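One structure is given here, and the rest of the page talks about it.
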Amino acid sequence: MAVQKDKVTGDSQVRKSQFGIDTVRGRLIAGGALLVIVAGITTWALWPDPEPREREYRDATACLLTGEEGIGAEPANAIWSSMQQISETTLVRVQNLPVSGPQTVDNAKGFVNSLTAVKCGVIVAVGGPQTAAVDHVASANPQVTFISVGGGTAAGNVQVVDAAGAPDAVSTELQELARNSS
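The sequence shown begins at 1 in the UniProt record's numbering and counts up by one.
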């Protein structure tokens with residue numbers, strides 16, 4: 001606090017800032033406010049981010065093989081929706097692959113083989129060429145469960161289901177795949 005003598009009267013006066021607060025008190029208030037602001041910014045900057053909410057999937061994958069229209073056509077759309085719902089509860093990864101190019105059995109066999117190569121534990125085939133390709137490839141891949149929707153030949157690792165029963169069959173097989181991957 002600064003003390004000044006009045007030049008005319010000789011009286012002592014306390015010098016005040018333009019806001020009517022003595023200079024020392026003003027500096028203390030400003031310093032305290034600055035300290036609070038710096039502490040707030042530092043706390044905000046150093047606050048840890050929340051833990052990410054990502055799923056930890058099992059080491060199991062189920063795959064849907066469709067014609068070139070993909071999951072845009074029925075029954076593939078209903079089956080894909082069912083696979084996604086089951087994936088949320090079982091934590092089995094799901095993926096879909098449309099057969100591109102000629103819609104023939106020979107072309108579809110390459111796509112079925114690619115799904116077995118990437119370790120799909122369950123392969124659901126929808127469409128004539130896809131289910132016929134499963135008939136050719138299934139015996140060489142006994143570790144894979146195949147579900148042929150609407151056609152094909154049943155075998156030890158191949159189930160043949162109609163379109164109406166496909167979502168239930170897929171659900172059952174994905175739950176089994178999840179149990180076996182635990």
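No residue lacks a Cβ here, since even glycine has one placed at the ideal position from N, Cα and C. Keep in mind the model is a prediction, meaning the values are calculated, not measured.
Since I believe proline 167 is in contact with alanine 62 (beta carbons under 8 Å), could you give me their beta-carbon distance rounded to a whole number of angstroms?
Position 62 of the sequence shown, counted from the start, is the residue given in the question as residue 62. Position 167 of the sequence shown, counted from the start, is the residue given in the question as residue 167. Not a contact, Cβ separation roughly 13 Å.
Could you tell me the distance, in whole angstroms, from the CA atom of asparagine 157 to the CA atom of valine 124?
Start at 1 with the first residue of the sequence shown, and residue 157 comes out as number 157. Start at 1 with the first residue of the sequence shown, and residue 124 comes out as number 124. Approximately 12 Å, taken between the alpha carbons.
Secondary structure, beta strand (DSSP E): runs of 3+ residues fully inside the region 106-138:
Fully enclosed beta strand (DSSP E) runs of no fewer than 3 residues occupy 122-126 of the region 106-138, in order along the chain.
Validate contact between the region 125-138 and the region 99-106 using beta carbons, cut 8 Å, 3 pairs
yes
Identify the residues that DSSP records as bridge partners of isoleucine 147: which are they?
Along the sequence shown, read from residue 1 onward, the residue named residue 147 stands at position 147. Paired residue(s): Val124 and Gln159.
Counting beta carbon pairs with one atom in the region 88-102 and one in the region 144-153, are three or more of them shorter than 8 Å?
no
For glutamate 68, which residues of its own chain have a beta-carbon under 7 Å away from its beta-carbon, when the five flanking residues on both sides are left out?
As a first step, residue 68 must be located in the sequence shown, where it is residue number 68. So the list reads Pro98, Val99, Ser100 and Gln103, once near-sequence residues are dropped.
Which class does valine 92 belong to by DSSP, given the choice of helix, strand or coil?
Sequence index remark: in the sequence shown, residue 92 carries index 92 (1-based). Three-state result, valine 92: coil.
Are residue 184 and threonine 66 closer than 8 Å when you measure CB to CB?
No answer is possible for residue 184: it lies beyond the span of the chain, which begins at 1 and ends at 182.
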